[in-house]
Amino acid sequence: MKNLFLIFLASTLLACGNSVQYNDPIPEHDSFTLDSKKVNETRVITVWTPPSYAAGEDSFPVLYMPDGGIKEDFPHIANTLAKLIEEKSIPPHILVGIENTERGRDLSGPSQVKEDEKYCPLTDGALNFRSFITEELVTEINSKYRTTDKKGIIGESLAGLFVVETFLLKPESFDFYIAMDPSLWWNDNYLVKNAPTLLENLPTNKETKLWFAGSSAEDISKYTNELSTVIMSFGPDQLNWKYSDEPNEKHNTIFRATKEKALKWTLNN
28 MKNLFLIFLA STLLACGNSV QYNDPIPEHD SFTLDSKKVN ETRVITVWTP
78 PSYAAGEDSF PVLYMPDGGI KEDFPHIANT LAKLIEEKSI PPHILVGIEN
128 TERGRDLSGP SQVKEDEKYC PLTDGALNFR SFITEELVTE INSKYRTTDK
178 KGIIGESLAG LFVVETFLLK PESFDFYIAM DPSLWWNDNY LVKNAPTLLE
228 NLPTNKETKL WFAGSSAEDI SKYTNELSTV IMSFGPDQLN WKYSDEPNEK
278 HNTIFRATKE KALKWTLNN
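Per this note's numbering, the very first residue in the sequence shown carries number 28; after that it's consecutive.
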């Protein structure tokens, strides 16, 4: 029992804080700040455009990413997109990264579990953060860049929780969702428990895509497996989804280990 607690504590601390730092090459990118009324902050936004963006007049789908600062996950995801686009494995997309300020606050919903609040003292900001993205940031990106109506979101760990929460609570927000090792234990695994009913929220007039993965972390895989079972039973016809069970990956390896397969499956029509 003590070992299980230590595993839970370690993965939780990784979820609420920033993860291990890597020395990824920093791709060419744009950066600007956006004053938000929804989160009452000035946020730093980082944008990568595919090589063909500057060469023509085409418009492109957009992939949004929490944990999207230059010292966070933006460089390695942008570099991976560039590689896959060059290989013609995926169509070109624009990447929009959102740099963290209070990560635990922005990426978590409410919780009735005291231990959750102890690990992430500032919580329950997901509603405002989601409104910032969908009502302010998307509008700003559409005004600054040539975009199509198609958009998605990617995240890992606590950002993965935010992705799944958005998928279940506000599924019309995006067309496609990618979540690696989502922290579905949050609030006594509320999202998984209520998924049968929440799946009824999915739009009926369009396809929604969901790709998610679970590592060997026991407090993660238990609930990603359960979510997969629930979707098999209750997922509507308009949901196109795939679950990647990754027992050989750890919580701190799964993002980089699965990102290519996730992007290939999700970003292709």
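Backbone N, C-alpha and C define an ideal beta-carbon position, used for all residues, glycine too.
Where does the unbroken alpha helix (DSSP H) through residue i begin, and where does it stop?
i	result
residue 291	281–294
residue 229	Where residue 229 is concerned, there is no enclosing alpha helix (DSSP H), given that its DSSP letter is neither H nor E.
residue 98	Run containing residue 98: none; DSSP gives neither H nor E here.
residue 159	Counting along the chain, residue 159 falls outside any alpha helix (DSSP H), and DSSP gives it neither H nor E.
residue 144	141–146
Helix, strand or coil for residue i, going by three-state DSSP, please let me know.
i	result
residue 201	coil
residue 274	coil
residue 206	strand
residue 315	Because residue 315 is not part of the residues shown, which for the chain are 28 to 296, the question remains open.
residue 84	coil
residue 89	strand
residue 307	Given that the chain is displayed from residue 28 to residue 296, the structure contains no residue 307 and the question cannot be resolved.
residue 128	coil
residue 61	strand
residue 73	strand
residue 4	The chain is shown from 28 up to 296; residue 4 falls before or after that span and cannot be answered.
residue 50	coil
residue 108	helix
residue 164	helix
residue 188	helix
residue 196	helix
residue 266	strand
residue 79	helix
residue 149	coil
residue 170	helix
Have a look at residue i and residue j and give me their C-alpha separation to the nearest angstrom.
i	j	result
residue 5	residue 238	Because the chain here runs from 28 to 296, residue 5 falls outside it and cannot be looked at.
residue 28	residue 140	Confidence in residue 28 is poor, its pLDDT being 40 and thus under 50, which makes the residue's placement too unreliable to answer from.
residue 289	residue 270	10 Å
residue 208	residue 243	9 Å
residue 152	residue 185	12 Å
residue 180	residue 200	9 Å
residue 252	residue 84	43 Å
residue 256	residue 222	10 Å
residue 169	residue 162	11 Å
residue 119	residue 50	25 Å
Which whole-angstrom value describes the C-beta separation of residue i and residue j, a residue pair presumed to lie in contact below a C-beta threshold of 8 Å?
i	j	result
residue 188	residue 134	6 Å
residue 71	residue 92	In fact, because the Cβ distance is near 13 Å, the residues do not count as touching under 8 Å.
residue 202	residue 177	5 Å
residue 126	residue 99	7 Å
residue 293	residue 236	6 Å
residue 104	residue 53	Contact flag wrong, Cβ pair sits at about 12 Å.
On the DSSP letters alone, give me the boundaries of the beta strand (DSSP E) that residue i sits inside.
i	result
residue 241	235–241
residue 219	Looking at the DSSP string, residue 219 is not in any beta strand (DSSP E); the run it does join, the alpha helix (DSSP H), is 213–225.
residue 177	174–183
residue 248	Not the beta strand (DSSP E): residue 248 falls in the alpha helix (DSSP H), residues 245–261.
Counting contacts by CB-CB distance shorter than 7 Å, is residue i in contact with chain B?
i	result
residue 242	The displayed structure is made up of one protein chain only, and chain B is not part of it.
Okay, do the stretch 47–61 and the stretch 80–91 touch, 3+ Cβ pairs below 8 Å being the bar? Three or more beta-carbon pairs separated by less than 8 Å are not found between the stretch 47–61 and the stretch 80–91, which leaves the two stretches without contact.
Examine the Cβ distances between the stretch 189–201 and the stretch 224–231 and report whether three or more of them are shorter than 8 Å. Contact holds: three or more Cβ-Cβ distances are below 8 Å.
Indicate whether the contact test is met: 3 or more Cβ pairs, each with one atom in the stretch 76–83 and one in the stretch 104–112, closer than 8 Å. Between the stretch 76–83 and the stretch 104–112 there are three or more inter-stretch CB-CB distances shorter than 8 Å, so the stretches are counted as touching.
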